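Structure record follows, encoded as structure tokens.
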Amino acid sequence: MELTWESLAFLIFSAMTLGGGFAVVTQRNLFHAALFLMLSLFGTAGLFVLLVAPFLAAVQVLVYIGAIAILILFAIMLTRRIMGLETTLNSQWPVALITMVILFVSLLLVLTPLGDNVSGERLNATFTEIDKESEVSDVSFTTVAAIGEAFSTRNGFVLPFEIVSLLLTAALIGAIVVAREDEA
Amino acid sequence: MKDILLDLGLADGLAAVLANVIGAGMLATIFLLIPIFTIWVERKLAARFQNRIGPNRAGPLGLLQSFADVIKLLGKEMIFPRHVDVVPYVLAPVIMVSAVVLIVAVIPLAPTIIGTDLSIGALYFIAVSSFTTISVVMAGWGSNNKYALLGAFRTVAQLVSYEIPMVFMLLLPVMLAGSMSMMGIVEFQSNYWMIFYLPTAAIIFLASNIAEIGRAPFDLIEAESELVAGYMIEYSAMPFAMFYLAEFLHAFLVAVIFSVLFLGGWQGPFAEDLPVLGILYLTVKTFIVYFGMMWVRMTLPRFRIDHMMAFNWKFLVPLSIVQLLVAAFIWKIMPEPDLTGNLIERWVNEFPRMAVMGISGLVVGYASLVMLRNYASQQRKHILSLTTTTQTYPLAVSPTPATGQSSVIVVTPGD
Amino acid sequence: MELNEWAFIGAFFAIAWLLPVTPIVLNRILGPRRVSDKTLVKTDTYECGVETVGDTWGQIKLQYYLYAIIFLVFDVEMVFLFPWAVAYNALGIGAFLAGAVFVFLLVEGLVYAWRKGALEWS
Numbered sequence: 259m260e261l262t263w264e265s266l267a268f269l270i271f272s273a274m275t276l277g278g279g280f281a282v283v284t285q286r287n288l289f290h291a292a293l294f295l296m297l298s299l300f301g302t303a304g305l306f307v308l309l310v311a312p313f314l315a316a317v318q319v320l321v322y323i324g325a326i327a328i329l330i331l332f333a334i335m336l337t338r339r340i341m342g343l344e345t346t347l348n349s350q351w352p353v354a355l356i357t358m359v360i361l362f363v364s365l366l367l368v369l370t371p372l373g374d375n376v377s378g379e380r381l382n383a384t385f386t387e388i389d390k391e392s393e394v395s396d397v398s399f400t401t402v403a404a405i406g407e408a409f410s411t412r413n414g415f416v417l418p419f420e421i422v423s424l425l426l427t428a429a430l431i432g433a434i435v436v437a438r439e440d441e442a
Numbered sequence: 305m306k307d308i309l310l311d312l313g314l315a316d317g318l319a320a321v322l323a324n325v326i327g328a329g330m331l332a333t334i335f336l337l338i339p340i341f342t343i344w345v346e347r348k349l350a351a352r353f354q355n356r357i358g359p360n361r362a363g364p365l366g367l368l369q370s371f372a373d374v375i376k377l378l379g380k381e382m383i384f385p386r387h388v389d390v391v392p393y394v395l396a397p398v399i400m401v402s403a404v405v406l407i408v409a410v411i412p413l414a415p416t417i418i419g420t421d422l423s424i425g426a427l428y429f430i431a432v433s434s435f436t437t438i439s440v441v442m443a444g445w446g447s448n449n450k451y452a453l454l455g456a457f458r459t460v461a462q463l464v465s466y467e468i469p470m471v472f473m474l475l476l477p478v479m480l481a482g483s484m485s486m487m488g489i490v491e492f493q494s495n496y497w498m499i500f501y502l503p504t505a506a507i508i509f510l511a512s513n514i515a516e517i518g519r520a521p522f523d524l525i526e527a528e529s530e531l532v533a534g535y536m537i538e539y540s541a542m543p544f545a546m547f548y549l550a551e552f553l554h555a556f557l558v559a560v561i562f563s564v565l566f567l568g569g570w571q572g573p574f575a576e577d578l579p580v581l582g583i584l585y586l587t588v589k590t591f592i593v594y595f596g597m598m599w600v601r602m603t604l605p606r607f608r609i610d611h612m613m614a615f616n617w618k619f620l621v622p623l624s625i626v627q628l629l630v631a632a633f634i635w636k637i638m639p640e641p642d643l644t645g646n647l648i649e650r651w652v653n654e655f656p657r658m659a660v661m662g663i664s665g666l667v668v669g670y671a672s673l674v675m676l677r678n679y680a681s682q683q684r685k686h687i688l689s690l691t692t693t694t695q696t697y698p699l700a701v702s703p704t705p706a707t708g709q710s711s712v713i714v715v716t717p718g719d
Numbered sequence: 057m058e059l060n061e062w063a064f065i066g067a068f069f070a071i072a073w074l075l076p077v078t079p080i081v082l083n084r085i086l087g088p089r090r091v092s093d094k095t096l097v098k099t100d101t102y103e104c105g106v107e108t109v110g111d112t113w114g115q116i117k118l119q120y121y122l123y124a125i126i127f128l129v130f131d132v133e134m135v136f137l138f139p140w141a142v143a144y145n146a147l148g149i150g151a152f153l154a155g156a157v158f159v160f161l162l163v164e165g166l167v168y169a170w171r172k173g174a175l176e177w178s
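Protein chains in written order, with the working numbering: chain A, 259 to 442; chain B, 305 to 719; chain C, 57 to 178.
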């Protein structure tokens with residue numbers, strides 16, 4: 259395999275994602291685990307950039323690192339024992355292991371043929387406006403406006419768009435009810 | 305840049321990478337050196353505001369003061385307190401500076417001069433700003449100090465809270481320009497600056513950004529008298545200076561971003577033909593905004609933390625939502641003018657839409673201020689009634705009323 | 057072309073990390089290093105001269121968590137509003153209605169939080 263700058267970046271970001279993920283589950287210090295989670299999420303954002311999806315990359319950083327990771331840190335601070343866990347395994351680890359293996363195998367089964375299908379010329383076939391000779395790096399990102407249009411036209415996704423808002427409101431109310439239960 | 309490197313006989317891929325690195329290095333370094341100057345400006349101005357002279361020893365007018373400080377800081381001892389969590393403690397200042405420097409990449413300096421014109425520039429600006437939050441938590445945790453941790457949590461609560469009105473108001477320039485690219489937003493302002501369409505939004509954006517950088521009156525992040533410098537308490541020498549540098553650079557960049565989004569960026573007479581003029585216009589606008597920010601900083605006292613949170617959640621957030629909806633509605637019902645003629649024609653054609661948008665924004669802003677004033681006067685009456693009716697302690701009553709009333713000396717608790 | 061622009065951002069990331077590291081390393085080299093003895097008072101936790109009591113990394117107030125949750129909800133909301141804002145010029149009045157309903161549903165949550173006192177700093 260030829261080592262291009264793109265593949266080098268891919269290797270770096272994959273290493274960040276996988277290494278960060280591995281450190282999350284092995285760290286005994288919950289705070290450090292959360293920091294490694296951020297590293298992993300950042301690697302994912304980099305992968306999104308390589309897939310020419312910068313909007314998703316920015317969302318990944320903004321929502322996951324900027325908001326969810328902060329929420330996780332605050333949640334960690336609410337727990338009693340942050341450091342020095344004796345073991346990172348609890349009684350459910352066999353179930354988790356089995357689930358993980360099943361998930362991994364099924365992902366492999368689904369993605370491998372899919373990868374064969376969309377490789378080469380088949381990849382370009384889905385982007386009708388791009389001629390077959392063009393490279394991935396020439397794909398311009400103009401889908402943000404298309405997403406926005408889909409959100410607000412009747413034939414598009416206006417109902418899911420509103421339901422998202424409803425869901426978020428429900429999440430907000432639920433969080434407040436749960437969090438303030440002990441005080442009320 | 306890439307062409308020069310290709311001429312030197314480098315491979316195409318390597319030349320592209322090197323060109324990127326050199327360009328990025330130059331841009332970032334230039335911006336990183338700006339605080340050396342702005343710190344001097346700020347100290348000098350603060351001194352004038354307080355009727356002092358300010359730095360005046362190092363160099364003419366004290367201009368070299370910041371250089372002297374940098375050299376002094378390099379010679380200081382870096383103290384690692386015994387109980388720190390080393391990795392987060394050391395990484396925090398680095399992440400803080402890098403997060404702020406990253407903003408520079410999408411700032412359009414002139415029609416042709418920009419780091420890189422990302423199609424999601426505006427979103428990129430908020431995304432990289434969120435790294436500062438992480439840095440604050442790491443500093444607070446890593447220091448293993450109760451003041452630091454408390455300060456860090458307060459800071460994070462402040463940063464995330466004020467991000468909401470900021471982003472809501474960032475949506476409006478994006479909506480009007482129909483683009484998230486910073487260059488696209490500047491080009492939209494070739495007829496009228498954004499601030500004429502969105503006066504209230506501009507003020508909300510600036511206010512919440514001042515809170516984001518933790519300056520007075522929102523400087524609870526440092527709060528010397530309560531939290532002894534907050535999350536920075538355990539830092540010394542260069543790591544501390546990095547936080548300081550990041551704060552000043554961030555303040556400067558906020559002024560730049562405000563000029564870009566609302567004051568037309570590089571737009572000005574002949575800027576299209578001569579890029580240097582564009583840089584000059586942007587610099588002048590930036591320093592006017594920066595001076596305004598300093599003025600606010602020198603004038604207003606610090607908020608109390610509960611007031612600050614209430615100000616955001618109960619005033620700025622509802623106001624920004626109302627402003628967003630009103631502006632979106634007006635923008636939709638106003639017919640799109642013909643913008644093909646020369647500058648005068650475009651000015652005339654665009655004027656009605658701009659005027660209606662601007663006036664609607666001012667009405668929203670004024671109405672909210674009236675509501676705020678009424679609420680404040682109610683509160684004042686409430687407090688006044690509490691102190692005069694239920695909590696008076698007569699110390700002495702004069703036995704013979706001289707004027708028909710008994711004169712009572714009242715002590716109000718809490719004075 | 058888009059990927060080339062991001063290559064610049066990648067280079068910027070590297071530079072942005074290098075710039076603050078350089079003075080810190082310089083400081084480490086140039087500055088004095090007298091803390092050989094880890095029992096020195098100056099390496100103590102700074103608490104205005106008072107010895108620190110108990111563990112720092114303890115519990116925090118629930119209030120911070122509530123702010124973070126409300127922020128997260130708004131953050132996700134705004135991520136959805138950005139594409140809407142970009143496409144807004146090209147769309148009809150229906151786009152305004154879609155956005156308005158979206159925001160109003162969110163306002164409901166904010167009003168609930170306000171009435172329940174979740175926005176109070178306690």
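Note that the Cβ used here is the ideal one computed from N, Cα and C, for glycine as well.
As the structure is a computational prediction, the values presented were derived from the model and not from experiment.
With a threshold of 8 Å, are at least 3 pairs of Cβ atoms found where one atom belongs to the region 129 to 140 of chain C and the other to the region 155 to 170 of chain C?
yes
**Prompt:** Going along the region 598 to 617 of chain B in order, which residues come within less than 8 Å of chain C, judged by CB to CB distance?
**Reply:** 609, 610, 613, 614 and 617
ask   = Which residues of chain B have a Cβ atom closer than 8 Å to the Cβ of residue 120 of chain C, listed in chain order?
value = 457, 460 and 461
key: Cut-off 7 Å between Cβ atoms - residues of its own chain near residue 499 of chain B, not counting five sequence neighbours on either side   = 506, 566 and 567
According to DSSP, is residue 364 of chain B part of a helix, a strand, or is it coil? helix
* Asked: In chain A, what lies closer than 9 Å to residue 72 of chain C by C-beta?
  -> Chain A residues near residue 72 of chain C: none, gap ~14 Å exceeds 9 Å.
**Asked** Taking the alpha carbon of residue 150 of chain C as the point to measure from, which residue in B:659, B:636 and B:688 has its own alpha carbon closest?
**Response** B:636
Report task. Have a look at residue 63 of chain C and residue 321 of chain B and give me their C-alpha separation to the nearest angstrom. Result -> 8 Å
Fill in: Under 7 Å (Cβ pairs) to chain A, residues found in the region 149 to 164 of chain C
150, 151, 154, 155, 157, 158, 161, 162 and 164
Q) Going by alpha carbons, who is nearest to residue 586 of chain B out of B:573, B:328 and B:543? A) B:573
Cα separation between residue 382 of chain A and residue 301 of chain A?
With a pLDDT of 43 at residue 382 of chain A, under the threshold of 50, the modelled position of that residue is not reliable, and the figure given next carries that caveat. Roughly 26 Å separates the two Cα atoms.
**Prompt:** Should residue 376 of chain B be flagged as near chain C, meaning a C-beta pair shorter than 8 Å?
**Reply:** no
Q) Quick one: what does DSSP say residue 412 of chain B is sitting in, helix, strand or coil? A) strand
| request: Please confirm whether residue 436 of chain B and residue 463 of chain B have their CB atoms less than 8 Å apart. | output: yes
What residues of chain A sit near residue 434 of chain B, judged by a beta carbon separation below 7 Å? 319, 320, 323 and 324
Exercise for the section: Anything in chain C within Cβ reach of residue 560 of chain B, meaning under 9 Å, just list it in chain order. Expected result: Within chain C, no residue comes near residue 560 of chain B; the closest Cβ sits about 16 Å away, beyond 9 Å.
*Which first and last residues belong to the alpha helix (DSSP H) in which residue 516 of chain B is found?*
503 to 516
Answer yes or no: do residue 308 of chain A and residue 323 of chain A have a C-beta to C-beta separation smaller than 8 Å?
-> no
Note to self: I want to verify the contact list: residues of chain B whose CB lies under 8 Å from the CB of residue 69 of chain C, in sequence order.
What the structure shows: 402 and 406
**Asked** How big is the Cα-Cα spacing for residue 390 of chain A and residue 632 of chain B?
**Response** With a pLDDT of 43 at residue 390 of chain A, under the threshold of 50, the modelled position of that residue is not reliable, and the figure given next carries that caveat. Those two C-alpha atoms are separated by around 40 Å.
Does residue 357 of chain B come out as helix, strand or coil in the three-state DSSP assignment?
coil
Counting C-beta neighbours from all protein chains within 10 Å, is the total for residue 350 of chain A 16 or more, i.e. buried, or is it exposed? exposed
Excluding the five sequence neighbours on either side, which residues of its own chain have a C-beta within less than 8 Å of the C-beta of residue 385 of chain B, listed in chain order?
447, 448, 449 and 538
**Item:** Listed by chain order, chain C residues near residue 327 of chain B by CB distance under 8 Å
**Value:** 64 and 67
task = Figure out for me which residue from C:60, C:74, C:71 and C:145 has the closest Cα to the Cα of residue 318 of chain B.
result = C:60
Q.
Within the continuous alpha helix (DSSP H) that includes residue 467 of chain B, where are the two ends?
A. 450 to 481
*Exposure of residue 569 of chain B, with buried meaning 16 or more beta-carbon neighbours within 10 Å*: buried
Please name the residues in the region 355 to 384 of chain B whose beta-carbon is closer than 9 Å to at least one beta-carbon of chain C, in chain order.
374, 377, 378, 379, 380, 381, 382, 383 and 384
Practice prompt. Identify whether residue 537 of chain B lies in helix, strand or coil by the three-state DSSP scheme.
Written response: coil
Requested in this report: Output yes if chain C places a C-beta closer than 8 Å to the C-beta of residue 479 of chain B; else output no.
Outcome: yes
Notebook entry, point to check: In three-state terms, what does DSSP make of residue 386 of chain A?
Noted result: Residue placement at residue 386 of chain A cannot be trusted, given a pLDDT of 37 that sits under 50; what the coordinates show is reported in the next sentence. Coil, per DSSP.
Item checked: Neighbourhood of residue 642 of chain B by C-beta, 7 Å cutoff - its chain only, sequence neighbours within 5 removed -> 653
Three-state secondary structure (DSSP) at residue 418 of chain B?
strand
Taking 8 Å as the CB-CB cut-off, is residue 177 of chain C touching chain A?
-> no
Within 10 angstroms of its Cβ, does residue 519 of chain B collect 16 or more other Cβ (buried), or is it exposed?
buried
Query raised in the report: From residue 293 of chain A to residue 343 of chain B, what does the alpha carbon distance come to, in whole angstroms?
Result: 33 Å
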